[in-house]
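K.L.:
Dropping the structure in here first, questions after.
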């Protein structure tokens, strides 16, 4: 079940606008954390990185505003039925995988110059993020229940989605996010940024495992779906 979304008649509402504003404010905060950690602003590679993030986010927002504004609207609403484990994992992941990575990268390439990644890796990093972003958007457009928190959406009569990338793996959105994190240090040029990146990815893998258990336990038909689509993140691996 599940299908590619077409443009919603409702359009963007105040919750969707709130989410978009938060999205760009988070990017501004990341810029601030990086350059504060770096101690200087004349780092061309960092500016390239943040411009790429801005362009990527803007493309995503435009696509979702046109094709699936209800996703943005739902993201802007507060949820009260979040699974207990996600109340712990999600904030830890956000702090480590975004602000932790940016802070370490700033300290590395701006102040102490512990490491460097050749500029030849910028293009592969951009390509990796582009692929990951496309995978995530593909998952979102096929899954009306795609959310930023782990919960069983009884208020929306949640059902199983088996179209698009969900034909091949059970959690394509997580795979897209993980690949995005792998690409960040390649663009910004900090090998040490992979230390918090690995921790953040570990938290995402744990979250994937726990979310999958929750869905098997509480969402009708998910056990059968998991028997048909055997892999959570990587076909043939896990």
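Numbering (my numbering), first residue to last: 2 to 239. Glycine residues also receive a C-beta, built at the ideal position from the N, C-alpha and C atoms.
1. Could you please give the first and the last residue of the uninterrupted alpha helix (DSSP H) stretch that includes residue 142?
2. Run through DSSP, which three-state label would residue 29 get?
3. Which of helix, strand or coil does DSSP assign to residue 146?
4. State the Cα-Cα distance for the pair residue 109 and residue 196, rounded to the nearest angstrom.
5. Using a Cβ-Cβ cutoff of less than 6 angstroms, which residues in the same chain neighbour residue 32 once the five nearest sequence positions on both sides are dropped?
6. To the nearest angstrom, how far is the alpha carbon of residue 102 from that of residue 143?
7. Taking its Cβ as the centre, do 16 or more other Cβ atoms sit within 10 Å of residue 181, making it buried, or is it exposed?
8. Tell me whether the stretch 78–93 and the stretch 21–40 touch, counting them as touching only if at least three CB pairs, one residue from each stretch, are closer than 8 angstroms.
9. Taking all protein chains shown into account, do 16 or more other C-beta atoms lie within 10 angstroms of the C-beta of residue 10, making it buried, or fewer, making it exposed?
10. Rank 203, 204 and 224 by C-alpha distance to the C-alpha of residue 213 and give the top, closest one.
11. Do you know offhand how far residue 118's Cα is from residue 204's?
12. Provide the residue span of the alpha helix (DSSP H) that contains residue 71, from first to last.
13. With distance defined between alpha-carbon atoms, name the residue in 173, 141 and 49 nearest to residue 232.
14. Among 162, 146, 122 and 228, whose alpha-carbon lies nearest the alpha-carbon of residue 184?
15. Along the chain, where does the alpha helix (DSSP H) that runs through residue 197 open and close?
16. Taking 8 angstroms as the threshold, find out whether the stretch 145–154 comes into contact with the stretch 71–89 through three or more Cβ pairs.
17. How many Å lie between residue 42 and residue 217 at the Cα?
18. Indicate, with yes or no, if the ligand ADP has a heavy atom lying under 7 angstroms from the CB of residue 181.
19. Three-state secondary structure (DSSP) at residue 38?
P.N.:
Taking the structure as given:
1. In the chain shown, the residue the question calls residue 142 occupies position 141. That run of the alpha helix (DSSP H) goes 123–143.
2. Here the question's residue 29 lines up with position 28 in the chain shown. Note: residue 29 maps to helix in three-state DSSP.
3. Position 145 of the chain shown, counting from 1, holds the residue named residue 146. It is coil, neither helix nor strand.
4. Here residue 109 refers to the residue found at position 108 of the chain shown. Here residue 196 refers to the residue found at position 195 of the chain shown. Answer to the nearest angstrom: the Cα atoms are 12 angstroms apart.
5. Residue mapping note: residue 32 aligns to position 31 of the chain shown, counting from 1. Sequence-distant partners of residue 32 (beyond 5 residues in either direction) whose C-beta falls short of 6 angstroms from its own C-beta, in its chain, are 51.
6. On the chain shown, position 101 is the one that residue 102 refers to. On the chain shown, position 142 is the one that residue 143 refers to. Rounded to the nearest angstrom, the two C-alpha atoms are 30 angstroms apart.
7. By one-based count along the chain shown, residue 181 stands at place 180. With 16 or more other Cβ atoms within 10 Å, it is buried.
8. Segments in contact, no.
9. Position 9 of the chain shown, counted from the first residue, corresponds to residue 10. Any answer about residue 10 is weak, because its pLDDT of 49 lies below 50 and its placement is not dependable; what the coordinates show is given next. With fewer than 16 other Cβ atoms within 10 Å, it is exposed.
10. If you number the chain shown from 1, residue 213 lands on position 212. Each of 203, 204 and 224 was checked against the Cα of residue 213, and the nearest Cα belongs to 224.
11. Position 117 of the chain shown holds residue 118. Position 203 of the chain shown holds residue 204. Computed Cα separation, rounded: 25 angstroms.
12. For this step, residue 71 is matched to residue 70 along the chain shown. For residue 71, the uninterrupted alpha helix (DSSP H) segment begins and ends at 70–76.
13. Here residue 232 refers to the residue found at position 231 when the chain shown is read from its first residue. Checking every option, the nearest Cα to that of residue 232 belongs to 173.
14. Numbered from its first residue, the chain shown carries residue 184 at position 183. Nearest of 162, 146, 122 and 228 to residue 184, Cα basis: 122.
15. The residue given as residue 197 occupies position 196 in the chain shown. Looking at the DSSP string, the run of the alpha helix (DSSP H) that includes residue 197 is 195–219.
16. Using a C-beta cut-off of 8 angstroms, the stretch 145–154 makes contact with the stretch 71–89, since at least three inter-stretch Cβ pairs fall below that distance.
17. Counted from its first residue, the chain shown places residue 42 at position 41. Counted from its first residue, the chain shown places residue 217 at position 216. Rounded to the nearest angstrom, the two C-alpha atoms are 48 angstroms apart.
18. No copy of the ligand ADP appears in this structure; indeed no ligand is present at all.
19. Your numbering for residue 38 matches position 37 in the chain shown. When secondary structure is reduced to three states using DSSP, residue 38 falls in the helix class.
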